[in-house]
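Residues 6 to 274 (our numbering) are what the sequence shown spells out, left to right. Every residue, glycine too, gets a C-beta built ideally from N, C-alpha and C. The structure appears below as structure tokens.
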Amino acid sequence: MTHTSSHRFQLDAATERLISSYPRLTAEEEHVLAREGSDEARDKLVVSNLRLVKSIVLKFSGCGLEAMDLFGSGVTGLVKAVTVYLPSRGRLAPFARPHIRGEILIYIDTFRTAFHIPDPLRRQVNQYRAVCQKLDGTATETEVAEALGWCVEQVRYVRECSDHQQMSSLDALPREPDGDITLGETLAIESDIDAFETSYDLEVYLGKVPHREAEVLRLRCGVGVPDPLSVRAVAERLGMSRSAVSRVEQDTLEKLREIARREFSGGSF
């Protein structure tokens with residue numbers, strides 16, 4: 006297990022071939038296999054959803070660990086999910102995501118008990134945050150890269166590292182004097198929405214809340230726009246106050262968490 010840079014964060018060729026060799030199942034096919042309950046049926050459910058594990062693993066490209074190690078942990082979560090999956094749960098993917106993500110997070114947490122973020126990377130994270138604050142939190146990745154003299158790939162990697170540092174401190178982050186959410190909270194919002202993993206799944210859940218609430222979260226999470234927008238940018242775009250945007254964002258996230266908890270029946274976020 007070694008630290009890795011973002012350009013090396015990829016699965017090996019054999020695993021990629023295995024993933025691509027099994028097409029996605031329809032809902033009916035999933036339900037038939039789940040009702041059958043044989044080892045062969047469960048195996049098919051697993052291999053047909055390996056691309057789901059891959060998509061979740063790629064969310065963690067900035068954690069400093071090897072993709073194949075995380076993929077193995079994710080597959081463990083998928084197998085556990087398939088073992089207890091019932092057709093009454095709906096599609097397998099939404100049901101399996103918390104299991105997959107949970108196993109990956111357990112692996113990362115276990116690994117991090119013995120390792121810390123290197124000082125050079127920590128300095129880069131601080132530089133990244135300082136530039137984003139200077140640019141008012143509305144700059145694109147390209148603009149941040151130009152300001153720092155980095156390539157866009159490096160900006161993405163450092164941003165992901167910054168996100169992971171913020172995961173455990175969302176509720177404790179300070180507010181700016183004018184009431185706006187700080188940069189750290191702007192970045193940390195992505196760790197909340199990672200529970201839904203894809204823009205498609207987020208859209209499905211946002212369809213269950215009022216349009217105004219859904220639009221705020223789409224803009225904040227970068228769904229339908231090139232980059233996630235700051236609270237200030239969303240407020241200007243929708244003609245709302247910044248405090249109203251912050252309140253709607255947090256209330257909507259809590260609604261989505263509650264909806265997901267009910268549907269996943271015990272899955273954690």
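**Prompt:** Which word fits residue 89, buried or exposed, when buried means at least 16 other C-beta atoms lie within 10 angstroms of its C-beta?
**Reply:** Within the sequence shown, residue 89 is the residue found at index 84, counting from 1. Residue 89 comes out exposed.
**Request:** Using a threshold of 9 Å, state whether the C-beta atoms of residue 91 and residue 39 are closer than that.
**Result:** In the sequence shown, the residue the question calls residue 91 occupies position 86. In the sequence shown, the residue the question calls residue 39 occupies position 34. Contact: yes.
**Item:** residue 243 - containing alpha helix (DSSP H), residue span
**Value:** Along the sequence shown, one-based indexing puts residue 243 at 238. Unbroken alpha helix (DSSP H) run through residue 243: 236-243.
**Request:** Return the first residue and the last residue of the alpha helix (DSSP H) that residue 49 is part of.
**Result:** Translated into the one-based positions of the sequence shown, residue 49 becomes position 44. Element bounds for residue 49: 44-52.
**Message:** Runs of 4 residues minimum, wholly inside the region 105-159: which ones carry the alpha helix (DSSP H) assignment?
**Reply:** 124-139 and 146-153
**Range of the contiguous alpha helix (DSSP H) that encloses residue 59** = On the sequence shown, residue 59 is found 54 positions in, with the first residue counted as 1. According to the DSSP assignment, residue 59 belongs to the alpha helix (DSSP H) that extends over 55-62.
**Request:** Look at the Cβ atom of residue 126, then the Cβ atom of residue 149, and state whether they are nearer than 9 Å.
**Result:** The count along the sequence shown starts at 1 and reaches residue 126 at position 121. The count along the sequence shown starts at 1 and reaches residue 149 at position 144. No. Outside cutoff.
**Message:** In whole angstroms, give me the CA-to-CA distance for residue 98 and residue 57.
**Reply:** Along the sequence shown, read from residue 1 onward, the residue named residue 98 stands at position 93. Along the sequence shown, read from residue 1 onward, the residue named residue 57 stands at position 52. Looking at the two C-alpha atoms, the distance is approximately 7 Å.
**Asked** Taking three-plus beta-carbon pairs below 8 Å as touching, is the region 70-82 in contact with the region 11-29?
**Response** yes
**Item:** residue 32 versus residue 136: straight-line alpha-carbon distance, rounded
**Value:** For the purposes of this step, residue 32 is taken as the residue at position 27 of the sequence shown. For the purposes of this step, residue 136 is taken as the residue at position 131 of the sequence shown. The straight-line gap from Cα to Cα measures roughly 46 Å.
**Prompt:** From this set, 161, 151, 144 and 261, which residue's C-alpha is nearest residue 236's C-alpha?
**Reply:** The residue given as residue 236 occupies position 231 in the sequence shown. Measuring from the Cα of residue 236, the nearest candidate turns out to be 144.
**Item:** Secondary structure of residue 213, DSSP reduced to three states
**Value:** In the sequence shown, the residue the question calls residue 213 occupies position 208. Residue 213: coil per DSSP, three-state reduction.
**Simplified DSSP state of residue 16, which is helix, strand or coil** = Numbered from 1 along the sequence shown, position 11 holds the residue referred to as residue 16. Residue 16: coil per DSSP, three-state reduction.
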